[in-house]
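Chemist: Before we start, here is the structure in question, set down as structure tokens.
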Amino acid sequence: MKPLLFRVPKSDEESFKVQVDDQDYFYDPLHFHPELQLTLILESKGTRFIGDSIGSFKAGDVFLIGPNLPHVFRNDKQYYEKENNLRARAISIFFTLDSLGKDFFSLPETIHIQKLLKKSSQGIKIKHKTRTKVIHLMEKIEELDKFGKLLQFLKILDVISHDHELECLSSISFGSSFSESDSKKINDVFEYVVKNFSNEIKLDDVASVANLSTTAFCRFFKLRTRKTFTQFLNEIRIGHACKLLLEEDLNITEICYQCGFNNISHFNRQFKNITSYTPTDYLRVHQN
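90 is the number of the first residue of the sequence shown in the numbering used here; add one for each residue after it.
Structure below.
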């Protein structure tokens, strides 16, 4: 599950790209690209990976994904079955920090948007009243002419930037704060963990993925992510546990072992530390 550098097709006649997807399932390799991505899920559900965050996605969800942040919207398994009559539909806007000019987002009138775009390096989920406004604006953008699209695009960013309750998803920024070499190491570790978190992961093994000694890896990871590798791994595992709690008919012990924990007491303790809930309380609070 190596993060792939994805090329967003864009013509010379547009400064940003509005893309409407309607397919059997979404593009499912883990990938990243230099463009920011604002996506509204119109129809579909599954598991999303954004940075080091795992969660579910469904129709009506809106995400802002920063540049070079590894991500994927992976549909549930029934979307890959033949004759399922399911569709994966979304509207996305792809743009760069200088799509409208190198200093456009540094103007006094747009500096508040610049702050939003910097925050997007961790991935953002847009919720509540802001989400409703953004859905309304994004559903209409494809119908507009070029100038209308530009005005609508700026309106969308303006609306989001005034929301002070945005949910940052990834605890790690994969953007320009890393050198190219560091980014590759972090991405390699990320892909290894996403692929193997349900199994035992030894520190020596993950250090070798980064081509570092164990001591050097621990120092490297803590310096660049501001957390230990064990903290990172536990957050990935508990993120998956939350999804299983809400979407699968499994008991807590089964979920514990499916997420890579081998001790129910340790699982419950980590779940409470990370979510502030016990698994039972989390299910009660978040069930529809």
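Built from N, CA and C at the ideal position, the CB exists for glycine as well.
1) For residue 121 and residue 115, I'd like the C-alpha separation in whole angstroms.
2) If we count the other Cβ atoms within 10 Å of its Cβ and call it buried at 16 or more, is residue 251 buried or exposed?
3) Roughly how many whole angstroms lie between the Cα atoms of residue 334 and residue 286?
4) Among 248, 325, 236, 355, which has the Cα closest to the Cα of residue 224?
5) Would the region 355-365 count as touching the region 323-331 if we require 3 or more Cβ pairs under 8 Å?
6) On the CB-based measure, 16 or more other CB atoms within 10 Å of its CB, does residue 113 come out buried or exposed?
7) Under 7 Å Cβ to Cβ from residue 203, same chain only, skipping five residues before and after it: list those, please.
8) Determine, using beta-carbon pairs with one atom in the region 279-299 and one in the region 309-327, whether at least three such pairs fall under 8 Å.
9) Quick check for students: name the residue ranges of the alpha helix (DSSP H) that lie wholly in the region 319-349, counting only runs of 4 or more.
10) Residue 183 by DSSP, collapsed to three states: which one?
11) Which residue's Cα is closest to the Cα of residue 166: 176, 304, 297?
12) To the nearest angstrom, how far is the alpha carbon of residue 281 from that of residue 372?
13) Do you know whose CA, among 310, 208, 108, lies nearest residue 232's CA?
14) Using the C-alpha atoms, what's the distance from residue 154 back to residue 260?
15) Counting C-beta neighbours from all protein chains within 10 Å, is the total for residue 118 16 or more, i.e. buried, or is it exposed?
16) Thinking C-alpha only, which one of 152, 173, 182, 357 is nearest residue 217?
17) Using the C-alpha atoms, what's the distance from residue 295 back to residue 257?
18) Quick one: grab the DSSP three-state call for residue 137.
19) What do you get for residue 102, buried or exposed, if any count of 16 or more other CB atoms within 10 angstroms of its CB means buried?
20) Give the range of the alpha helix (DSSP H) segment to which residue 228 is assigned.
21) Between which residues of its own chain and residue 220 is the CB-CB distance below 7 Å, once the five residues before and five after are set aside?
22) Given this structure, state the Cα-to-Cα distance separating residue 357 from residue 368, to the nearest angstrom.
23) Where does residue 128 land, buried or exposed, given buried means 16+ other C-beta within 10 angstroms?
24) Do residue 140 and residue 212 have their beta-carbon atoms positioned less than 8 Å apart in this structure?
25) Can you check the region 234-314 for any alpha helix (DSSP H) of at least 4 residues that lies completely inside it and give the ranges in chain order?
26) Who pairs with residue 106 in a beta bridge, going by DSSP?
27) Identify the residues that DSSP records as bridge partners of residue 126: which are they?
28) Taking residue 387 as the reference, which of 375, 337, 105 has the closest Cα?
29) One question on the structure: do residue 184 and residue 124 come within less than 8 Å of each other, judged by their Cβ atoms?
30) Starting from residue 147, trace the alpha helix (DSSP H) in both directions and tell me its first and last residue.
Modeler: This is what the structure holds:
1) Separation of residue 121 and residue 115 (C-alpha to C-alpha, rounded to the nearest whole angstrom) is 15 Å.
2) Residue 251 comes out exposed.
3) Spanning the two alpha carbons is a distance of roughly 17 Å.
4) Nearest Cα to residue 224 within the set 248, 325, 236, 355: 248.
5) Short answer: they touch.
6) Residue 113 is exposed by the Cβ-count criterion.
7) Within the same chain, Cβ atoms closer than 7 Å to the Cβ of residue 203 are found at 194, 195, the five residues on either side in sequence being excluded.
8) Two segments are said to touch when three or more pairs of C-beta atoms, one from each, lie closer than 8 Å; by this definition the region 279-299 touches the region 309-327.
9) Inside the region 319-349, DSSP marks whole alpha helix (DSSP H) runs of 4 or more residues at positions 341-347, from first to last along the chain.
10) Reduced to three states, the DSSP call for residue 183 is strand.
11) 176 is the residue among 176, 304, 297 whose C-alpha sits nearest the C-alpha of residue 166.
12) Going by the C-alpha atoms only, they are around 29 Å apart.
13) With respect to the C-alpha of residue 232, the residue from 310, 208, 108 having the closest C-alpha is 108.
14) Looking at the two C-alpha atoms, the distance is approximately 13 Å.
15) With fewer than 16 other Cβ atoms inside 10 Å of its own Cβ, residue 118 counts as exposed.
16) The shortest C-alpha separation from residue 217 is found at 152.
17) So the alpha carbons of these two residues sit roughly 26 Å apart.
18) Reduced to three states, the DSSP call for residue 137 is strand.
19) Classification for residue 102: exposed.
20) Its alpha helix (DSSP H) spans residues 217-230.
21) Cβ within range, chain order: 151.
22) Spanning the two alpha carbons is a distance of roughly 7 Å.
23) Buried: at least 16 other Cβ atoms inside 10 Å.
24) Cβ atoms of residue 212 and residue 140: closer than 8 Å.
25) Within the region 234-314, the runs of alpha helix (DSSP H) at least 4 residues long that lie entirely inside it are, in chain order, 235-250, 269-285, 292-298, 303-314.
26) According to DSSP, residue 106 bridges with 183.
27) As computed with DSSP, residue 126 is found in a beta bridge with 154, 183.
28) In the structure as shown, the chain starts at 90 and stops at 377, and residue 387 therefore has no counterpart that could be examined.
29) Yes, they are a contact pair.
30) Run containing residue 147: none in the alpha helix (DSSP H); it sits in the beta strand (DSSP E), 142-147.
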